[in-house]
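Student: Just so we're aligned, residue 1 is where the sequence shown starts under full-length UniProt numbering, counting upward by one.
Glycine included, each C-beta is placed from N, C-alpha and C at the ideal position.
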Amino acid sequence: MATRQRPPLKSVIALAGALLLAAAVAAFVWWPQKHRPAVHPAAGVTFTGEGDSRLRQRVSDVIERLRQRDASGIAEFDVDLTTHRRSPDGEAGAQWLITHFATPLQGPVQAEIRQDENAGLDWYACISYGHDQRKLRLDFVTYGKKGVWPDPNGGDKYAFPVHVYNELAGRGPYPNKPMTGLFCNEGESLPPAQ
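Following this line, the structure appears as structure tokens:
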């Protein structure tokens, strides 16, 4: 009678390690509170489109601070993607946005979010507001720890480069002709591309 041969100990340990790793990955992916924290949008803000909960929260926070006319608070979101320090021109850019959009954004707002098809680090929020559904496109940029994109640990953050609006100081927003079929329907109305 032949005796059953046991599998080598290394194989058993490798199999157990693989199963443990698979269980840990599955727990991380399916654990909704940690992986997908709840979004607490500003009053009257609804979201459609793409983007994770952190991006939606950042868009909501920008809208809320615009409504509060908090230039310093908005400027906190304008960070250098490598040093993670606040941009020196962020507050001036935020003041321009506040001057032209704080009042119109007081009512209900819909934010549609899309990722740039050509540059995966860029995200756009098309803000529709007012009774005639005017549109404002706000740009956000993904950054991770120590300049690594995307963050391998899933810790991506979203900068709001509000300093670009400083270039428009002394001028009002200039709308483009409607471009039906393009995201945000009106194209990029402001500011000019960097």
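#1: Identify which residue in Ala92, Thr103 and Cys126 has its Cα closest to the Cα of Tyr165.
#2: Using 10 angstroms around the beta-carbon of Arg36, count the other beta-carbons present and answer buried if the total reaches 16, otherwise exposed.
#3: Nearest-angstrom Cα distance between Ala18 and Phe160?
#4: If you reduce the DSSP assignment to three classes, tell me which class Leu136 lands in.
#5: According to DSSP, which residues form a beta bridge with Phe47?
#6: How would you label Asp61, buried or exposed, when you count the other beta carbons within 10 angstroms and need 16 or more for buried?
#7: Counting Cβ pairs, one atom from each stretch, are 3 or more of them under 8 Å apart for the region 69-78 and the region 43-50?
#8: Determine, using beta-carbon pairs with one atom in the region 100-117 and one in the region 83-90, whether at least three such pairs fall under 8 Å.
#9: Can you tell me where the beta strand (DSSP E) holding Ser53 begins and where it ends?
#10: Going by the CB atoms, is the gap between Ala94 and Gly162 shorter than 9 Å?
Tutor: Reading off the structure:
#1: Measuring from the Cα of Tyr165, the nearest candidate turns out to be Ala92.
#2: Reliability fails at Arg36, whose pLDDT of 49 lies under 50, so the model's placement of it is uncertain and the value that follows must be treated cautiously. Around the beta carbon of Arg36, a 10 Å sphere encloses fewer than 16 other beta carbons of the protein chains shown; the residue is thus reported as exposed.
#3: Spanning the two alpha carbons is a distance of roughly 41 Å.
#4: When secondary structure is reduced to three states using DSSP, Leu136 falls in the strand class.
#5: Residue pairing from DSSP places Phe47 in a beta bridge opposite Ala111.
#6: Asp61 is buried by the Cβ-count criterion.
#7: Not touching, per the Cβ criterion.
#8: Short answer: they don't touch.
#9: Ser53 -> not in any beta strand (DSSP E); alpha helix (DSSP H) instead, spanning Ser53 to Arg67.
#10: In the sequence on display, residue 162 carries Val and not Gly. The answer is yes: Cβ separation under 9 Å.
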